[in-house]
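Using this note's numbering, the first residue of the sequence shown is number 299, and each one after it goes up by one. Built from N, CA and C at the ideal position, the CB exists for glycine as well. Structure first, then comments.
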Amino acid sequence: MWNPIRAVMRSNSPRGIKVIALSLMLVLACAMPIMLYSLIGPDDGGPIALGWLFAGGAMLAHVGFLIGILLVIWDLYIAKK
Numbered sequence: 299m300w301n302p303i304r305a306v307m308r309s310n311s312p313r314g315i316k317v318i319a320l321s322l323m324l325v326l327a328c329a330m331p332i333m334l335y336s337l338i339g340p341d342d343g344g345p346i347a348l349g350w351l352f353a354g355g356a357m358l359a360h361v362g363f364l365i366g367i368l369l370v371i372w373d374l375y376i377a378k379k
């Protein structure tokens, strides 16, 4: 079975791009339950726990995105090779 996390980690991309890709996977994984609930669940509103899961995952993914961008900038412009 194909594992997307292992595929990202084994790629030849810079480490900042890997962090950004993993952050994107995190936000998609945290958003999927509330999207599925809103698509096939009852119309009375979403459960609070799924909203908190999405909010926490999105916040953590944004921090990962910021770290990834800083790593890319560091590797391209600051680090001497």
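| request: For residue 356, I'd like the list of residues in its chain whose CB is within less than 6 Å of its CB, leaving aside the five on either flank, ordered along the chain. | output: The sequence position of residue 356 within the sequence shown is 58, counting from 1. 325, listed in sequence order.
| field | Range covered by the alpha helix (DSSP H) that runs through residue 313 | value | Locating residue 313 in the sequence shown gives position 15, counting from the first residue. Looking at the DSSP string, the run of the alpha helix (DSSP H) that includes residue 313 is 313-338.
| From residue 362 to residue 317, what does the alpha carbon distance come to, in whole angstroms? | Position 64 of the sequence shown, counted from the first residue, corresponds to residue 362. Position 19 of the sequence shown, counted from the first residue, corresponds to residue 317. The alpha-carbon atoms of residue 362 and residue 317 are separated by roughly 6 Å.
| query | Between the region 366-375 and the region 326-334, do at least 3 Cβ pairs fall closer than 8 Å? | reply | No, the region 366-375 does not touch the region 326-334.
| request: Buried or exposed for residue 384, please, with buried defined as at least 16 other CB atoms from any protein chain shown within 10 angstroms of its CB. | output: Because residue 384 is not part of the residues shown, which for the chain are 299 to 379, the question remains open.
| CA-CA distance, residue 336 and residue 348? | Numbered from 1 along the sequence shown, position 38 holds the residue referred to as residue 336. Numbered from 1 along the sequence shown, position 50 holds the residue referred to as residue 348. One C-alpha to the other measures close to 10 Å.
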